[in-house]
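Chemist: Everything in the sequence shown is counted per UniProt numbering, starting at 1 for the first residue and increasing by one.
What follows is a single structure, and I will ask about it in a moment.
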Amino acid sequence: MERHGVTQVLSRLSYISALGMMTRVNSQFEKTRKVSGPRSLQPSQWGMLCPSDTPEGEGCGLVKNLALMTHITTECSEEPILRLACNAGVEDVRILGGEEINHPANYIVFLNGNILGVTRQYKKLIKIFRMFRRRGLISAFISIYPNHNQRTVYICSDGGRLCRPYIIVEKGLPLVKQKHINELKRHLRKFQDFLNDGMIEYLDVNEENDSYIATVEADIDPYVTTHLEIEPFTILGVCAGLVPYPHHNQSPRNTYQCAMGKQAMGTIGYNQKNRIDSLMYNLVYPQCPMVKTRTIELTNFDKLPAGQNATVAVMSYSGYDIEDALILNRASIDRGYGRCLVYKNAKTTMKRYSNQTSDRILGPSRDATTGKVIKAHDILDTDGIASPGEMVENRQVLINKQMPPANVTPVAQGQIQQIEYKDVPVTYKGPVESYVEKVMVSSNADEACLIKMLLRQTRIPEIGDKFSSRHGQKGVTGLIVQQEDMPFNDRGICPDMIMNPHGFPSRMTVGKTIELLAGKAGLMEGKFHYGTAFGGSKVKDVCKELEKHGYNYQGKDIFYSGLTGEPLEAYIYSGPVYYQKLKHMVQDKMHARARGPRARRHLRCVRPPGQSLLVPRVSLVRAGRERRDAVRVQAALPGAGFNEHSAATYS
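So this is what it looks like as structure tokens:
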């Protein structure tokens, strides 16, 4: 039987994409079937699987991600469980008759699906097992739970079960006290110590059904509560935990951010300068967000961030900000906002062949008349490999490699054979020049010489590049404006970015408006605010901090026009918002098709409106409705080099 997708290449696009991929859970259900049952969120998944982190499209609800504190069990030995069960009064089912087994007071005990025996004191058995588990005498991941309808007790020690930790509650009081939390803050106690001391235990989904769990301490019922949630925000996964104030957003927006957070550029690790990846994106000046969450600290996202704090003014400025388009400040770009490094590699292997020949590398070729190195080999060193630090242009040679012909016959030892080598150089292809970052000469598993070259491009934001906030609101750059033409407030602050206010009503991303307020107050106070799910800094407290520093409690400021200097008619909502630069850049999306010999095969005749003659039409790039309309609008502008007919014909 062939199985596909058993192994996958770990995505190193960003730190979060790697974490997200390592917590992914793939369902074996057929993705093409449009059935809602397996895709919907089940009550048993509470706290085990993230309710927000799932892809759009056919994989929706089938590809899931683990929640923050979920643990996947590994298989434990059954021998100590068997001994403990026998000592706790479980009788072997083989020595009992039918009447004894079917007695109403008897419970059948199962171990990993196999019948272990029968017990009359099932409560005592469960109590002994849980006591041993809390004292660390058996594995912390063994679960035991009764099923009263079937009169059975199930003991599980197999692998692949999802479980999560809970605080144990006894006599209406949680065993974890404030003194233990203080010891944890002073690094005198670790999480494992709580487990060893029997204050916290892991429960799987089945044992949760036999427990009474309180969400917060105020909900504890002294008579029935058995466990307490450690923190409510741990029901979310790694990606959803980065969103500030997610409980104020419309649900799909958090799902969109989980997908876009994996596409955000940032830093992938402390060793990123030593790696030679086939494709790597790095942000030049990554920043820690002004509004953090507890998940950000737990996952160390603040040490390997993927975004920058942009001062955003929520207003309409020209017609270039419609449909979520953003307007950027040219001076902010010059200061490094959104600047990124794109790394690509070029590699080749020097092979040895069975006819006693091998590939070779020659130095740069020279012009026969002038004696100068030819343009294509301009950056090559004497060993035929481009030097680190050299600028590479389109069609320039990186490695001057030559390969022998396949029909060479081996000759006797001592004889010299003239071989005509064929040029197979490794060349650079790209519209924009790159720089050679580093060159590595090594050998592979077959002991063949391996040459890898890392190429670097520095890119600044341009019209068409994609940005996104942490609330699933993506948009492309619609216009880049000089700072002197941008609006400014009464303190002289000019925004880095202008966002159209029509992006808020239908999306209902209230969390983004609160993030702006909290970030603005944090700048004044010199501290980070927290937007953790089901908690975080209160809007009332944030507004008081703004008033304390002379700002409007609503976050609005008086703005002046950069063109006329007059005050604008409305107050402008402005402040810092954490924006991510996504990997989708217009430079990688550009596509063109020239008319030439190949185009003649794909000629299609059309009859233009009002004409009787058939005109040959060249098949170019397939265009959707939006692209067609964009070309038509371009044709309607004064000074455009083509008319409506040509736009309709070739769009």
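Glycine included, each C-beta is placed from N, C-alpha and C at the ideal position.
Computed from a prediction, not measured in an experiment: that's the story for all the values here.
Residues in its own chain within less than 6 Å of residue 228 by CB, not counting five upstream and five downstream?
Modeler: In the sequence shown, residue 228 corresponds to position 228, counting from 1. Closer than 6 Å at the Cβ level, and outside the excluded window around residue 228, lie 167, 169, 174 and 214.
Chemist: Please name the residue, chosen from 157, 135, 137 and 136, that lies closest to residue 145 on a Cα-to-Cα basis.
Modeler: By one-based count along the sequence shown, residue 145 stands at place 145. Nearest C-alpha to residue 145: 157.
Chemist: Tell me the DSSP secondary structure of residue 402 in three-state form.
Modeler: In the sequence shown, residue 402 corresponds to position 402, counting from 1. Here residue 402 sits in strand by DSSP.
Chemist: With DSSP as the reference, please indicate the residues paired to residue 530 in a beta bridge.
Modeler: Counting from one through the sequence shown, the residue named residue 530 turns up at place 530. DSSP output for residue 530 lists 292 as bridge partner(s).
Chemist: Tell whether a beta-carbon distance below 7 Å holds between residue 10 and residue 21.
Modeler: Position 10 of the sequence shown, counting from 1, holds the residue named residue 10. Position 21 of the sequence shown, counting from 1, holds the residue named residue 21. Cβ distance < 7 Å, so residue 10 and residue 21 count as in contact.
Chemist: So, is residue 280 buried or exposed, given that buried needs 16 or more other C-beta atoms within 10 angstroms?
Modeler: Numbered from its first residue, the sequence shown carries residue 280 at position 280. Residue 280 should be labelled buried.
Chemist: Identify, in the order they occur along the chain, each residue of the same chain with its Cβ nearer than 7 Å to the Cβ of residue 545, setting aside the five sequence neighbours on each side.
Modeler: Working through the sequence shown from its first residue, we reach residue 545 at position 545. For residue 545, where only same-chain residues beyond five positions count, the Cβ hits under 7 Å are 521, 524 and 525.
Chemist: Are residue 65 and residue 7 close, meaning C-beta to C-beta below 7 Å?
Modeler: One-based indexing of the sequence shown puts residue 65 at position 65. One-based indexing of the sequence shown puts residue 7 at position 7. No, the pair does not count as a contact, with Cβ atoms beyond the cut-off.
Chemist: What is the DSSP secondary structure of residue 350, counted as helix, strand or coil?
Modeler: Position 350 of the sequence shown, counting from 1, holds the residue named residue 350. The answer is strand: DSSP assigns residue 350 an E or B state.
Chemist: For a test of the three-state rule: what should DSSP assign to residue 540, helix, strand or coil?
Modeler: Counting from 1 along the sequence shown, the entry for residue 540 is found at position 540. In this structure, residue 540 counts as helix in the three-state DSSP scheme.
Chemist: Start and end of the beta strand (DSSP E) containing residue 109?
Modeler: Taking the sequence shown and counting its residues from 1, one reaches residue 109 at position 109. Taken as a continuous stretch (DSSP letters only), the beta strand (DSSP E) holding residue 109 covers 107-111.
Chemist: Taking the alpha-carbon positions, what's the residue 245 to residue 254 distance?
Modeler: Indexing the sequence shown from 1 puts residue 245 at position 245. Indexing the sequence shown from 1 puts residue 254 at position 254. Going by the C-alpha atoms only, they are around 10 Å apart.
Chemist: Taking its Cβ as the centre, do 16 or more other Cβ atoms sit within 10 Å of residue 17, making it buried, or is it exposed?
Modeler: Taking the sequence shown and counting its residues from 1, one reaches residue 17 at position 17. Looking at its Cβ environment, which holds 16 or more other Cβ atoms inside 10 Å, residue 17 is buried.
Chemist: Out of 508, 476, 455 and 341, which has the shortest C-alpha to C-alpha gap to residue 589?
Modeler: Translated into the one-based positions of the sequence shown, residue 589 becomes position 589. Among 508, 476, 455 and 341, the Cα nearest to that of residue 589 belongs to 476.
Chemist: Just how far apart, CA to CA, sit residue 118 and residue 79?
Modeler: Taking the sequence shown and counting its residues from 1, one reaches residue 118 at position 118. Taking the sequence shown and counting its residues from 1, one reaches residue 79 at position 79. Between residue 118 and residue 79, the C-alpha separation is close to 18 Å.
Chemist: Of all the alpha helix (DSSP H) runs that stay within the bounds of the stretch 173-212, which reach a length of 4 or more residues?
Modeler: Complete alpha helix (DSSP H) runs here, min 4: 178-185, 191-196 and 205-208.
Chemist: For residue 60, I'd like the list of residues in its chain whose CB is within less than 7 Å of its CB, leaving aside the five on either flank, ordered along the chain.
Modeler: Mapped onto the sequence shown, residue 60 falls at position 60. These residues qualify, in order along the chain: 39 and 54.
Chemist: Buried or exposed, going by whether 16 or more other CB atoms sit within 10 Å of the CB of residue 191?
Modeler: Counting from 1 along the sequence shown, the entry for residue 191 is found at position 191. Counting Cβ neighbours within 10 Å, residue 191 comes out exposed, since fewer than 16 surround it.
Chemist: Does any C-beta atom of chain B lie closer than 7 Å to the C-beta of residue 305?
Modeler: Going by chain labels, chain B is absent from the structure shown, which holds only one protein chain.
Chemist: Would you mind listing the alpha helix (DSSP H) stretches within the UniProt domain "RNA polymerase Rpb2" (8-72) that are 4+ residues and don't spill past its ends, in chain order?
Modeler: Counting only runs of 4 or more, we get 15-22.
Chemist: In terms of residues, what are the limits of the beta strand (DSSP E) holding residue 165?
Modeler: Here residue 165 is taken as the residue at index 165 of the sequence shown, counted from 1. Where residue 165 is concerned, the enclosing beta strand (DSSP E) stretches over 162-170.
Chemist: Per the DSSP calculation, residue 233 is bridged to which residue(s)?
Modeler: Start at 1 with the first residue of the sequence shown, and residue 233 comes out as number 233. The partner list for residue 233 (beta bridge, DSSP) is empty, contrary to what the question assumes.
Chemist: Quick check on DSSP: helix, strand or coil for residue 122?
Modeler: By 1-based counting over the sequence shown, the position of residue 122 is 122. It is helical.
Chemist: Express the C-alpha separation of residue 370 and residue 460 in angstroms, rounding to a whole number.
Modeler: In the sequence shown, the residue the question calls residue 460 occupies position 460. In the sequence shown, the residue the question calls residue 370 occupies position 370. Cα to Cα, residue 460 sits roughly 40 Å from residue 370.
Chemist: Please identify the residue among 346, 312 and 116 whose C-alpha is closest to the C-alpha of residue 468.
Modeler: Indexing the sequence shown from 1 puts residue 468 at position 468. Out of 346, 312 and 116, 312 has the C-alpha closest to the C-alpha of residue 468.
Chemist: Is it true that the CB of residue 263 sits closer than 7 Å to the CB of residue 19?
Modeler: By 1-based counting over the sequence shown, the position of residue 19 is 19. By 1-based counting over the sequence shown, the position of residue 263 is 263. No, the Cβ-Cβ distance between residue 19 and residue 263 is not below 7 Å.
Chemist: Among 34, 577 and 487, which residue has its Cα nearest to the Cα of residue 558?
Modeler: Numbered from 1 along the sequence shown, position 558 holds the residue referred to as residue 558. With distances taken between Cα atoms, residue 558 lies closest to 487.
Chemist: Could you pull out every residue in the same chain whose Cβ sits closer than 6 Å to the Cβ of residue 542, ignoring the five residues on either side in sequence?
Modeler: If you number the sequence shown from 1, residue 542 lands on position 542. Counting only Cβ-Cβ distances below 6 Å, and skipping sequence neighbours, we find 517, 518 and 521.
Chemist: Whole-angstrom Cβ separation of residue 397 and residue 425, contact assumed at under 8 Å?
Modeler: If you number the sequence shown from 1, residue 397 lands on position 397. If you number the sequence shown from 1, residue 425 lands on position 425. Between residue 425 and residue 397 the Cβ distance is about 4 Å, and since that is below 8 Å, they are a contact.
Chemist: Write down the C-beta distance between residue 15 and residue 301 rounded to the nearest angstrom, noting that I regard them as a contact closer than 8 Å.
Modeler: Start at 1 with the first residue of the sequence shown, and residue 15 comes out as number 15. Start at 1 with the first residue of the sequence shown, and residue 301 comes out as number 301. Rounded, the Cβ-Cβ distance is 7 Å, consistent with contact.
Chemist: For residue 461, name the three-state secondary structure that DSSP assigns.
Modeler: For the purposes of this step, residue 461 is identified with residue 461 of the sequence shown, where counting begins at 1. Reduced to three states, the DSSP call for residue 461 is coil.
Chemist: Any idea which residues DSSP pairs residue 214 with across the strands?
Modeler: Looking up residue 214 in the sequence shown gives position 214. Partner(s): 228.
Chemist: Would you mind reading off the limits of the beta strand (DSSP E) that contains residue 310?
Modeler: The count along the sequence shown starts at 1 and reaches residue 310 at position 310. Note, residue 310: beta strand (DSSP E), 308-314.
Chemist: In whole angstroms, what separates the C-alpha of residue 354 from that of residue 451?
Modeler: Residue mapping note: residue 354 aligns to position 354 of the sequence shown, counting from 1. Residue mapping note: residue 451 aligns to position 451 of the sequence shown, counting from 1. Using only the alpha carbons, I get a separation of about 21 Å.
Chemist: Just to confirm, are residue 364 and residue 380 a CB contact at a threshold of 7 Å?
Modeler: Translated into positions along the sequence shown, residue 364 becomes position 364. Translated into positions along the sequence shown, residue 380 becomes position 380. Yes, the pair counts as a contact, with Cβ atoms nearer than the cut-off.
Chemist: Sorted by chain position, which residues of the same chain lie with C-beta nearer than 6 Å to residue 600's C-beta, five sequence neighbours on each side aside?
Modeler: Numbered from 1 along the sequence shown, position 600 holds the residue referred to as residue 600. With a pLDDT of only 46 at residue 600, under 50, the local geometry of the prediction cannot be trusted, and no value is derived from it.
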